[in-house]
Structures are given as structure tokens and as C-alpha cells.
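Just below is one structure, and these are the notes that go with it.
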Amino acid sequence: MDVSIAKIHHTLLDAALPSTIKDLKNPTEDYVVNLLTTFLTRFGINMSLIDQPIPEQLGAMMYYEDSDVINLINLYVVVAQISNKIFLHDFCLTDITSPGQKRLRKQAKFLSNFVLYTMHKQSGYNDRMDEIQTISKLLEDLKERKTHVSESINNKVMHKAKQLSMIEKLENDIEHMQSITEKLNKQEMEFEIRKNNVDKENQKAKELCGSVKTTAGKLSKMITEIQSEVVHSPKEYRSRLDEIEKQHKLKEEERSTMQEAIQEKKQSIKLIGEKLNFVQKTSDDFRMLADTYKEQKNKKTKRNNVIKEIDSLNNIWSESKTKLAMHKDKIDIEKNELQTYNEEDMVLLCNLYSQLLSDKKIQKTKLDKAQDCLNEKCLEKNKLQTDIKKIEEETRTFINSCQESYDNELANVSYIGDFYRSIYNYTLLNYILKYYTNYIRLIKL
1 MDVSIAKIHH
11 TLLDAALPST
21 IKDLKNPTED
31 YVVNLLTTFL
41 TRFGINMSLI
51 DQPIPEQLGA
61 MMYYEDSDVI
71 NLINLYVVVA
81 QISNKIFLHD
91 FCLTDITSPG
101 QKRLRKQAKF
111 LSNFVLYTMH
121 KQSGYNDRMD
131 EIQTISKLLE
141 DLKERKTHVS
151 ESINNKVMHK
161 AKQLSMIEKL
171 ENDIEHMQSI
181 TEKLNKQEME
191 FEIRKNNVDK
201 ENQKAKELCG
211 SVKTTAGKLS
221 KMITEIQSEV
231 VHSPKEYRSR
241 LDEIEKQHKL
251 KEEERSTMQE
261 AIQEKKQSIK
271 LIGEKLNFVQ
281 KTSDDFRMLA
291 DTYKEQKNKK
301 TKRNNVIKEI
311 DSLNNIWSES
321 KTKLAMHKDK
331 IDIEKNELQT
341 YNEEDMVLLC
351 NLYSQLLSDK
361 KIQKTKLDKA
371 QDCLNEKCLE
381 KNKLQTDIKK
391 IEEETRTFIN
401 SCQESYDNEL
411 ANVSYIGDFY
421 RSIYNYTLLN
431 YILKYYTNYI
441 RLIKL
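When you line the sequence shown up against full-length UniProt numbering, it's residues 1 to 445, in that order.
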């Protein structure tokens, strides 16, 4: 078995690509299609899309059998685009339809080496990608936590602002209620003074009313005594009547005085009633004021609780800010580490790219030399073909001439005929050997 075929066979198997020694020695269209399909599928390319003809191809397809040709053309287009990227520049459609042994070995070598290279690099890149994805997920979680913390802080700040505005409003309400309380206290003092004055006047009115009642009782007693003292003598009656009239006038005067005093007392009592009503209203206001004071006291307690809650929120906000700064520092450190890893990977990729460019230049130089050599061989081939045509023409002319001479002389002398026949056979043999030698040289080229 050829060493190069065995090596390529093992390389294809290592790359998990289909391969047999028979297919490498005598490649067929089915094997090449299977090899390329497996290669494309290995990198996640959907073969059903490649096998599906585009509208222009459907319009140009006259028979159903043309679909196989369209599938091969689509496969060639895709593989040609990829082959240019892996430095396989001379891939053509005949490499699929009529594969040659040498070109298949070269193409299989490029494909398998590329797959092995990706397999070798993919394991390292998978670990790094897993690490990067883990770090990226951690960064996303940190960003999400940062967003939640920021939202929480903003909500707490807004809540704090609302609480501060509420506290300010409560303080204004308290100041307003304090001013009202001061006014009510002043009015209460004034009402207390007026109440004391009214109480004094009421006491005086009560005392006056008692004295009036006492006087009325005395008058009733005096009337009884006077009635008992009534005399039946005209003179005495007259004198008594005059005395009684005088007393009556005095009583009338005292009565009018008492009426005036009573009217004044009624007025005073009415005024006292109004003052009592005012005092009752003031008492109701004081009860309302007490309720307002109690409400303000509760609001003050709530304000103190709100201040404590705001202080607690400030502490939580400070702790969150510290944690956020720590997370930010940690994220910066991890970003720097990732940047370092990326730079190292870029250096490796740049070195590999430079090496591949250098190899590409060397291979291009070799290809140019081989192309020049091929051109020279083609020129020699064309020259040999021209020489062969010329020799063939001369040979045909010589053979015709010999044949004519042979036919003319054959009837005359058999000896001479035998001699010429031997000369003809020897010349023809030498020409055939010379032509075959040139043909073998042409095949080798």
C-alpha cells in the first residue's frame, strides 16, 4: 500500500471523514459527494438548502434529471467559497464529477487537516468560551443586580423625598395649629376673664333677687298688718287712707324701681345666658382643640418614625453604594483579565495568521514555479506534437514511396524484392520504435 494514501486515509478517519483505501485509489463521484457533504455537515451547514434549486435554476431546468446536475453545481459553489478560505484555490467542478487520484489526495489532505485543526482548537476555545460565558453571565447578573439596586435606591430616594415633603407639610400644619392654639389660648384667657366677670355679676344679680324677694315678703307682711289695722271711722279712715296712699306711692315708686332693677337683671341674665352659650361654644372649641392637639401629637410621632425610617434607608443606601462600588471594582478586574486573555489569543492568532501567510507565499512561489515548469512542458509537448506530425507525414510519404517501389520491383526479381522487403521492414520498425518513444515521453509529461 502507498504510504501517502495510508497517511491520508488515517488522517481522514481521525477527522471523522469517510475514507477507504479503495476510494482513495479509485475515487468516484459518489465518494467525493459523500466526503464534501460530511465536511459541510460537520460545520453545521444545512445540506437540504444546498440541494434545493433556486428559482433561476428551476426556470432553466428542462428535465427532472437535471436536478442532480444542479445539486452538484450548488455543492461545488459552496465548497469553492470555503476552499478559498482554507488555501485550496484550484478546486473545480470536475473534481466532483470526474475526480482524479492525485487531486483528491491533495483536497482530502487540506480538508482533513482543517477539520483536525478546528478540533484541536475547538476544545481550548470551548473552555475559554465557557469561561467567558460564565463571566458574561456573572456580569449580566451584576448588571441586573445593579439595576435592581439603582431602582431600589431611586424608589427609596423618591420615598424619602415624599416623606420629607410630608414632614415639611406636617411641620407647616403644626406651626399653623400652634398659631391657632396660641390664638385660642388668648381667647380662652379672655373668655375666662369675661366668665369671671359674668359670674360676679350673676352672683350680684342673685343677691339682688334674694333681697327683692325678702322685700316682697316684708311688703306682704306689712299689707297684712295694715289690713288688720283698718278702722271704720271716716276720719281715721281718711287719715289712714292718706297714709296708705303715701305708702302706696312710696310702694309704687319702690315697685317701679324694682321693675327697673328687674328689667336690668333680666337684661343681665340674658347677657349671662349669651355668655354661657359662648362659654359652652368655647368649651366645644377647646375639646376640638384637644382633639387637634392629640392629632398633631400623633402626626409628630409619625414624623419621628418617618425620620427614623429615612435614616435607616440612608444607611441601607450607603451600604448598597459600598457594595455597588465593590462589585464595580470586581467587574473592572474581571474585564481587565478578559482583555488580557483576548490580547493573548489575538497574539496567537496573529502569529498563526502570519505563519499561514508565509506558508501561502511559499506555496504560491512553488505553484508559480510549477506553473512555469508546466508551461515549459506544454511548449515541449506542442513542439513534440508538431515534430510527430511532421515525422508521421514523412513516414507516410516514405511508406507510400517504398510501397510503390516494392510493387514495381516485385514482379522483376524476387531476390531484389526480398532485399527491398527486408530494408522496408527494418526502416518501418525503427520508425515505430522512435514514434512510441516520443509517445511515452509525451505521456510522462
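Backbone N, C-alpha and C fix where the C-beta goes; we use that ideal spot for every residue, glycine too.
Of the residues Gln52, Asn26 and Pro18, the one whose Cα lies closest to the Cα of Thr37 is Pro18. Taking a contact to require three or more Cβ pairs closer than 8 Å, the stretch 87-107 and the stretch 10-30 qualify as touching.
In terms of Cα proximity to Tyr76, the closest of Pro55, Asp51 and Gly100 is Asp51. With respect to Ile73, Val33 sits apart: the two C-beta atoms are not nearer than 8 Å.
When secondary structure is reduced to three states using DSSP, Pro55 falls in the helix class.
Within the same chain, Gln296 and Lys299 come within 8 Å of Asp173 by CB-CB distance, once the 5 residues on both sides are set aside. Assignment of Ser98 by DSSP, reduced to helix, strand and coil, places it in the coil class. At the C-beta level, Leu324 and Lys146 come within 8 Å of one another. Taking one beta carbon from each stretch, the stretch 157-167 and the stretch 361-374 have fewer than 3 pairs nearer than 8 Å; the two do not touch. With a beta-carbon spacing of about 12 Å, Lys195 and Lys281 fall beyond the 8 Å limit used to define contacts. Between the alpha carbons of Gln178 and Asp284 lies a gap of roughly 18 Å. Annotation: the continuous alpha helix (DSSP H) that includes Ile21 extends over Ile21 to Lys25. Cβ-Cβ distances below 8 Å link Pro27 to Pro99, Gly100, Gln101 and Leu104 in the same chain, with the five nearest sequence neighbours on each side left out; the list follows chain order. For secondary structure counted as the alpha helix (DSSP H) over 4 or more consecutive residues, the stretch 140-169 holds no complete run. Under the three-state reduction of DSSP, Ala325 is assigned to helix.
Sequence-distant partners of Ser112 (beyond 5 residues in either direction) whose C-beta falls short of 8 Å from its own C-beta, in its chain, are Ile8, Thr11, Leu12, Asp14, Ala15 and Leu17. Exclusion of the five residues before and after Ala205 leaves Lys265, Ser268, Ile269 and Ile272 as the residues of its chain whose Cβ lies within less than 8 Å of its Cβ. Burial is judged here by how many other beta carbons sit within 10 angstroms of a residue's own beta carbon; Phe43 has fewer than 16 and is exposed. Within the same chain, Glu334 come within 8 Å of Leu138 by CB-CB distance, once the 5 residues on both sides are set aside. Note that the C-beta distance between Leu289 and Leu184 is below 8 Å. Nearest in C-alpha terms to Asn46, of all of Pro55, Val78 and Glu192, is Val78.
With fewer than 16 other Cβ atoms inside 10 Å of its own Cβ, Leu379 counts as exposed.
When the alpha-carbon of Ser256 is set against those of Val212, Thr292, Ser220 and Asn71, the nearest one is in Val212.
Sixteen is the threshold: since fewer than 16 other Cβ atoms of the shown chains lie within 10 Å of the Cβ of Ala370, the residue is exposed. The straight-line gap separating the alpha-carbon atoms of Leu313 and Asn197 is approximately 58 Å. Runs of beta strand (DSSP E) with 3 or more residues, each lying fully within the stretch 344-403, are absent. Separation of His176 and Glu168 (C-alpha to C-alpha, rounded to the nearest whole angstrom) is 12 Å. Taking 8 Å as the cut-off, the beta carbon of Ser320 is found closer than this to the beta carbon of Val149.
Shown here, Asp242 sits in a helix according to DSSP, grouped into three states. The beta carbon of Leu116 sits closer than 8 Å to the beta carbons of Thr11, Asp14 and Ala15 from its chain, once the five residues preceding and following it are set aside; these are given in chain order.
Between Leu142 and Ile316, the beta carbon gap of about 19 Å keeps them out of contact (Cβ cut-off 8 Å). Excluding five sequence positions before and after Ile5, the CB atoms of its chain that fall closer than 8 Å to its own CB belong to Ile21, Leu24, Lys25 and Arg105, given in chain order. In the three-state reduction of the DSSP assignment, Cys209 falls in the helix class.
Only buried fits Ala108, as 16 or more other CB atoms lie within 10 angstroms of its CB.
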